[in-house]
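Keeping their order, the protein sequence lines are chains F and R.
Just so we're aligned: the first sequence equals residues 1 to 464 in the numbering used here.
Just so we're aligned: the second sequence equals residues 1 to 464 in the numbering used here.
Ideal Cβ positions, reconstructed from N, Cα and C, are used throughout, including at glycine.
Small disclaimer: the values here were computed from a predicted structure and weren't measured.
Protein chains: 2
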Amino acid sequence: MEERLKQAVRDIVGPENYSEALIDLISHTYDASAHHHRPDVSVWPVNTKQVSRLLNLAHAHHLTVTPRGAGTGLAGSAVPACSGMVLDLCRMNRIVDIRIPDRVAVVEPGVVYQDLQKALRPYGFFFPPDPASGKVCTLGGNVATNAGGLKGAKYGVTRDYVLGLEVVLADGRIMRSGSGCMKSVSGYDLTHLLVGSEGTLGIITEILLKIDPLPRAVRTTLAMFEGIAAAGRCVSDIIRSGVVPSVLEILDENTLKVLQNHSKIPLPRGKAMILAETDGYTEAEADFQMDRVTKVLKRHRAKEILQAGTAQESEQLWEARRAAGSVAANLRPANVSEDVTVPISKVPDLLIGISTIVRDHQLPFVVFGHAGDGNLHPKIMYDPTDADEVRRVTRASEAIFRLTCRLGGTLTGEHGIGMAKAPYMGLEHDAVALDVMAALKRLFDPHHILNPGKMGFPPERECA
Amino acid sequence: MEERLKQAVRDIVGPENYSEALIDLISHTYDASAHHHRPDVSVWPVNTKQVSRLLNLAHAHHLTVTPRGAGTGLAGSAVPACSGMVLDLCRMNRIVDIRIPDRVAVVEPGVVYQDLQKALRPYGFFFPPDPASGKVCTLGGNVATNAGGLKGAKYGVTRDYVLGLEVVLADGRIMRSGSGCMKSVSGYDLTHLLVGSEGTLGIITEILLKIDPLPRAVRTTLAMFEGIAAAGRCVSDIIRSGVVPSVLEILDENTLKVLQNHSKIPLPRGKAMILAETDGYTEAEADFQMDRVTKVLKRHRAKEILQAGTAQESEQLWEARRAAGSVAANLRPANVSEDVTVPISKVPDLLIGISTIVRDHQLPFVVFGHAGDGNLHPKIMYDPTDADEVRRVTRASEAIFRLTCRLGGTLTGEHGIGMAKAPYMGLEHDAVALDVMAALKRLFDPHHILNPGKMGFPPERECA
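Set out below in structure tokens:
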């Protein structure tokens with residue numbers, strides 16, 4: 001990157017929001033995936049106008065721009081695929097407005113997910129999507145990746161709650177889409193096209209979110225099974241029974257073993273676990289649904305069924321699920337965490353298929369996930385300095401993607417394509433859809449400056 | 001349209017699915033709006049392959065194609081803006097699959113909305129969007145216009161339930177988007193871009209819909225108010241109270257007068273009416289929410305509050321709301337029915353503003369609508385043979401659109417832009433958004449053959 005260009009960037013955001021210091025560049029080299037690449041400069045714009053001027057400059061000089069929130073992504077979406085500028089939106093972190101009678105919250109992209117929840121709680125409202133990284137991730141990142149989480153089965157994903165956006169386009173033009181209305185069919189749905197586009201079509205600078213009244217009653221139940229297939233079939237039958245639990249998580253035998261051997265969390269014995277939560281405004285509503293769930297659990301011969309009587313007991317049942325990811329991750333130097341998703345009834349096939357595949361590649365792994373919406377997280381552990389292990393991880397992941405797509409599933413339910421799944425887009429999408437996506441990318445970003453190298457779009461031109 | 005081209009069209013669909021008969025052309029000249037224009041030929045393709053071949057031909061010969069379902073639209077979206085071919089999808093009407101454990105229904109576009117509901121009921125499931133024309137409208141039309149309805153506040157709109165599509169693009173290529181998964185962030189969201197695009201980007205030939213378990217308990221309450229402003233403020237406060245009724249309808253004084261004078265429906269006296277419905281799996285849940293609603297109704301000094309004790313009583317409370325549109329429509333030779341939508345707290349401002357505007361234009365009107373999601377239906381009656389009345393209707397509509405946009409609202413909450421609102425797109429959308437929409441249209445349909453003259457895209461080239 002030329003000195004003159006760096007100077008122009010610095011002039012736009014001011015020296016306090018600009019850095020070439022190694023410590024900053026290195027922290028912008030990574031996200032929560034295994035991908036990494038160092039940018040030339042880091043900037044922290046503080047308002048839409050600065051973002052607009054930065055993109056206008058980048059567009060004119062074919063300068064690569066990698067937008068970034070908290071960097072909690074697991075697919076490399078926030079890692080520069082080649083050098084250039086990282087646009088860190090964390091300093092645009094105002095909750096602009098909370099309008100309870102409109103069911104609307106207006107936020108800047110850098111607002112931390114949990115800060116919005118805290119601000120909404122006194123009104124008895126909440127923002128339903130529930131990403132596991134909620135304590136640190138930003139709402140801009142949630143929108144850019146259409147973040148999911150634990151409560152997708154009942155409450156859907158981020159996309160279902162985005163009513164409108166302010167977006168800076170690749171050439172610096174500022175565009176508003178949608179509105180603070182609960183519904184609109186006025187023109188093309190630019191809002192939802194931008195959601196989940198991983199910063200490749202524009203930079204989100206303001207978000208209008210739909211919010212919901214908080215449910216007051218919650219029931220939590222944990223059940224152990226003799227095998228993963230039985231637990232998987234049980235999930236399908238819970239859905240068929242006519243209730244939609246707010247949480248319906250599954251943990252496989254490996255996850256349970258890891259927790260037994262490497263944590264102090266007390267767990268009943270079993271080879272698979274289901275954690276279910278139901279909710280409502282009233283105890284009766286939460287109970288009715290949990291009774292249905294419990295009946296299905298019993299019909300599928302759950303060995304042990306623990307229902308929480310208090311909030312504290314519920315917290316204890318949640319402990320195993322919450323710890324699963326991090327306890328497993330600590331066993332080996334590195335891991336890949338996938339988020340393959342299938343139609344709900346295919347969860348048993350996917351569970352069994354994943355186990356077979358990863359065992360065949362002789363790698364340690366665990367599987368858990370949001371079975372209620374068909375979304376599983378196989379986490380495969382490996383040593384990144386062992387070339388053979390790295391090769392086996394890649395092969396196992398590819399086999400899992402192939403299986404998922406054969407089952408009518410999708411490569412990614414909530415993490416995004418990023419760099420991690422870019423090579424596999426053709427497994428899921430037909431040639432026509434890929435062609436349309438590429439055309440959309442060219443239309444929105446003709447100089448290919450916005451987050452190149454992601455979602456299967458080539459980085460080559462910009463990295464030259 | 002040249003004879004050779006007509007022959008080629010007939011060869012694709014067969015003579016049994018092709019017509020130039022006046023009776024067919026005339027029935028394809030209209031929808032439920034005041035717009036009309038006669039096509040050259042009518043076709044009823046029976047499968048995706050025929051649609052693909054028809055578009056391939058139309059693309060090559062720059063032949064205008066107007067897709068159509070049941071023609072219940074109120075914005076002229078299904079009326080040919082210029083001649084050419086009407087593509088009636090009513091014969092592609094198979095319910096392809098119902099997969100309860102996946103929460104998925106797969107349908108062809110010509111399936112009548114109510115037929116899907118009937119097919120789902122034995123399983124205890126339903127498709128939540130609830131358009132008023134459900135008895136006759138088709139799901140393809142619902143998706144193409146992102147249909148709303150009575151239950152938007154709690155259940156959202158059609159877009160929230162479309163998981164995937166099969167679409168034939170303008171040049172005849174067949175594309176699949178989305179999948180039968182509850183969630184996906186794989187590539188751009190082509191599915192939701194197509195939803196609500198009114199047949200201007202592609203022809204929908206198969207739809208994957210998310211379905212929900214049926215709520216079992218319902219409470220219905222009717223309340224009368226001294227004035228529309230009080231009723232409007234009450235709506236805001238119901239939302240603020242932390243419950244989301246499944247129905248929250250409002251009827252203005254004119255609507256009530258029309259019902260009193262021109263129907264036999266027994267109605268309590270009052271100058272505004274609210275009809276609320278709450279639901280849940282349990283009676284307790286429906287009661288809890290209705291108790292909240294009732295408290296707010298009382299706080300706002302509702303004159304009379306009637307709660308249904310039985311399903312039959314509930315049916316009686318619904319009678320006035322159901323009849324409102326048709327009783328009013330019968331008073332004059334013609335009417336326009338708008339569907340302006342504002343942030344929920346602006347409903348009182350919009351109600352009062354609409355009344356003032358239409359009175360100033362000296363036209364008879366009623367206002368009712370889905371206040372719980374900010375969506376009102378001003379219905380203005382006029383005589384289409386009276387040029388001055390027509391002029392006043394147009395002026396009043398434009399003034400209502402201006403007011404709506406000033407209040408942060410949208411031109412159309414559920415009917416679509418079509419021809420009716422095409423001239424007003426600039427009131428709502430900024431120049432950049434309009435520019436992006438036009439670019440998308442060019443990208444998907446370079447020869448501008450798909451439903452030209454709708455959504456603000458020009459018909460001129462094709463009508464030459």
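Within chain R, the residues that residue i reaches when beta carbons sit closer than 7 Å
{"i": "leucine 120/F", "result": "Within 7 Å Cβ-Cβ: nothing; leucine 120/F doesn't reach chain R, min ~11 Å."}
{"i": "lysine 183/F", "result": "Gly148, Gly152, Val157, Thr341, Asp373, Asn375, Gly413 and Glu414"}
{"i": "arginine 53/F", "result": "The premise fails here: arginine 53/F is roughly 16 Å from chain R at the closest Cβ pair, so nothing lies under 7 Å."}
Partners in chain F for residue i, counting only beta-carbon separations shorter than 9 Å
{"i": "glycine 134/R", "result": "The premise fails here: glycine 134/R is roughly 17 Å from chain F at the closest Cβ pair, so nothing lies under 9 Å."}
{"i": "leucine 169/R", "result": "Val432 and Val436"}
{"i": "proline 67/R", "result": "Result: empty, since nearest Cβ-Cβ is about 16 Å, beyond 9 Å."}
Local Cβ density within 10 Å of residue i, reported as buried at 16 or more and exposed below that
{"i": "proline 459/F", "result": "buried"}
{"i": "histidine 262/F", "result": "exposed"}
{"i": "isoleucine 26/F", "result": "exposed"}
{"i": "valine 168/R", "result": "buried"}
{"i": "aspartate 326/R", "result": "In the sequence on display, residue 326/R carries serine and not aspartate. Its Cβ having fewer than 16 others within 10 Å, serine 326/R is exposed."}
{"i": "glutamine 50/R", "result": "buried"}
{"i": "glutamine 312/R", "result": "exposed"}
{"i": "glycine 453/R", "result": "buried"}
{"i": "histidine 300/F", "result": "buried"}
{"i": "asparagine 335/R", "result": "buried"}
{"i": "arginine 103/F", "result": "buried"}
{"i": "histidine 36/R", "result": "exposed"}
{"i": "asparagine 47/R", "result": "exposed"}
{"i": "aspartate 373/R", "result": "buried"}
C-beta contact flag for residue i and residue j at 7 Å
{"i": "threonine 200/F", "j": "glutamate 277/F", "result": "no"}
{"i": "phenylalanine 125/R", "j": "glutamine 117/R", "result": "no"}
{"i": "threonine 52/R", "j": "glycine 172/R", "result": "Residue identity check: residue 52/R is serine in the sequence provided, not threonine. Yes, Cβ-Cβ distance for serine 52/R and glycine 172/R is below 7 Å."}
{"i": "serine 177/F", "j": "threonine 191/F", "result": "yes"}
{"i": "leucine 22/R", "j": "histidine 61/R", "result": "no"}
{"i": "arginine 269/F", "j": "proline 348/F", "result": "no"}
{"i": "aspartate 252/F", "j": "alanine 229/F", "result": "no"}
{"i": "valine 13/F", "j": "proline 45/F", "result": "yes"}
{"i": "leucine 267/R", "j": "alanine 328/R", "result": "no"}
{"i": "alanine 105/F", "j": "leucine 57/F", "result": "no"}
Selected residue, minimal CA-CA separation from residue i, among the options
{"i": "glycine 180/R", "options": "Glu166/R, Leu256/R, Gly172/R and Leu193/R", "result": "Glu166/R"}
{"i": "aspartate 386/R", "options": "Arg402/R, Leu363/R and His59/R", "result": "Leu363/R"}
{"i": "arginine 140/F", "options": "Ala132/F, Pro109/F, Cys90/F and Gly156/F", "result": "In the sequence on display, residue 140/F carries glycine and not arginine. Of the candidates Ala132/F, Pro109/F, Cys90/F and Gly156/F, the one whose C-alpha sits nearest the C-alpha of glycine 140/F is Pro109/F."}
{"i": "valine 244/F", "options": "Ala230/F, Val296/F and Ala311/F", "result": "Val296/F"}
{"i": "glutamate 398/F", "options": "Asp383/F, Leu317/F, Asp445/F and Val340/F", "result": "Val340/F"}
{"i": "histidine 415/R", "options": "Ala422/F, Ser186/F and Ala323/F", "result": "Ser186/F"}
{"i": "threonine 294/R", "options": "Ser337/R, Ile239/R and Ile100/R", "result": "Ile239/R"}
{"i": "phenylalanine 457/R", "options": "Val436/R, Ala422/R, Ala431/R and Glu428/R", "result": "Ala422/R"}
{"i": "asparagine 142/F", "options": "Ile204/F, Gly84/F, Cys82/F and Val258/F", "result": "Ile204/F"}
{"i": "tyrosine 382/F", "options": "Gly369/F, Leu376/F, Gly374/F and Phe365/F", "result": "Phe365/F"}
{"i": "alanine 231/F", "options": "Ala433/F, Ala420/F and Ser345/F", "result": "Ser345/F"}
{"i": "threonine 410/R", "options": "Ala420/R, His429/R, Arg395/R and Arg392/R", "result": "His429/R"}
{"i": "methionine 182/R", "options": "Ile400/F, Ile380/F and Pro343/F", "result": "Pro343/F"}
{"i": "methionine 224/F", "options": "Lys303/F, Leu450/F and Leu193/F", "result": "Lys303/F"}
Under 8 Å from the C-beta of residue i: neighbouring residues of chain R
{"i": "threonine 221/F", "result": "Per Cβ cutoff of 8 Å: no residues; threonine 221/F is ~16 Å from chain R at best."}
{"i": "histidine 192/F", "result": "Arg159, Asp189, His192 and Leu193"}
Cross-chain neighbours of residue i in chain R, by beta carbon under 9 Å
{"i": "lysine 6/F", "result": "Ordered by position in chain R, no residue passes the 9 Å Cβ test against lysine 6/F, which lies about 28 Å from the chain."}
{"i": "valine 247/F", "result": "By Cβ distance, chain R contributes nothing, its closest Cβ being about 14 Å from valine 247/F, past 9 Å."}
Proximal chain F residues relative to residue i, where beta-carbon distance stays under 7 Å
{"i": "serine 197/R", "result": "Tyr188"}
{"i": "serine 314/R", "result": "Correct list: empty, because the minimum Cβ distance to chain F is about 20 Å."}
Contacts of residue i in chain F (Cβ-Cβ under 8 Å)
{"i": "threonine 145/R", "result": "Val185"}
{"i": "glycine 124/R", "result": "Gly242"}
Neighbour flag for residue i against chain C, beta carbons, 7 Å
{"i": "arginine 233/F", "result": "Among the protein chains in the structure shown, which are F and R, there is no chain C."}
Task: Positions along the stretch 277–303 of chain F whose CB lies within less than 7 Å of some CB in chain R - done: Within the stretch 277–303 of chain F, the residues whose Cβ lies closer than 7 Å to some Cβ of chain R are Gly280, Tyr281, Thr282, Ala284, Glu285, Phe288 and Gln289, listed in chain order.
Open item on the list: Closer than 7 Å between beta carbons: that is the criterion. Which residues of the stretch 421–443 of chain R meet it against chain F?
Closed with: From the stretch 421–443 of chain R, only Met425, Glu428, His429, Asp430, Val432, Ala433, Val436, Met437, Ala439, Leu440 and Leu443 have a Cβ closer than 7 Å to chain F.
Open item on the list: By the 9 Å beta-carbon criterion, what residues does the stretch 81–109 of chain F contribute toward chain R?
Closed with: If the cut-off is 9 Å between Cβ atoms, the stretch 81–109 of chain F has Arg99, Ile100, Pro101, Asp102, Arg103 and Val104 near chain R.
- [ ] Please name the residues in the stretch 393–418 of chain F whose beta-carbon is closer than 8 Å to at least one beta-carbon of chain R, in chain order.
- [x] The stretch 393–418 of chain F vs chain R, Cβ under 8 Å: Gly408, Gly409, Thr410, Leu411, Thr412, Gly413, Glu414, His415, Gly416 and Ile417.
- [ ] Could you name the residues of the stretch 320–341 of chain F whose beta carbon sits closer than 9 Å to any beta carbon of chain R, in the order they occur along the chain?
- [x] Residues of the stretch 320–341 of chain F whose Cβ lies closer than 9 Å to any Cβ of chain R, in chain order: Asp339 and Thr341.
TODO: Output, in sequence order along the chain, the residues in the stretch 200–216 of chain F whose CB is closer than 8 Å to any CB in chain R.
DONE: Of all residues in the stretch 200–216 of chain F, the ones placed with a Cβ closer than 8 Å to any Cβ belonging to chain R are Leu201, Asp212, Pro213 and Leu214, in chain order.
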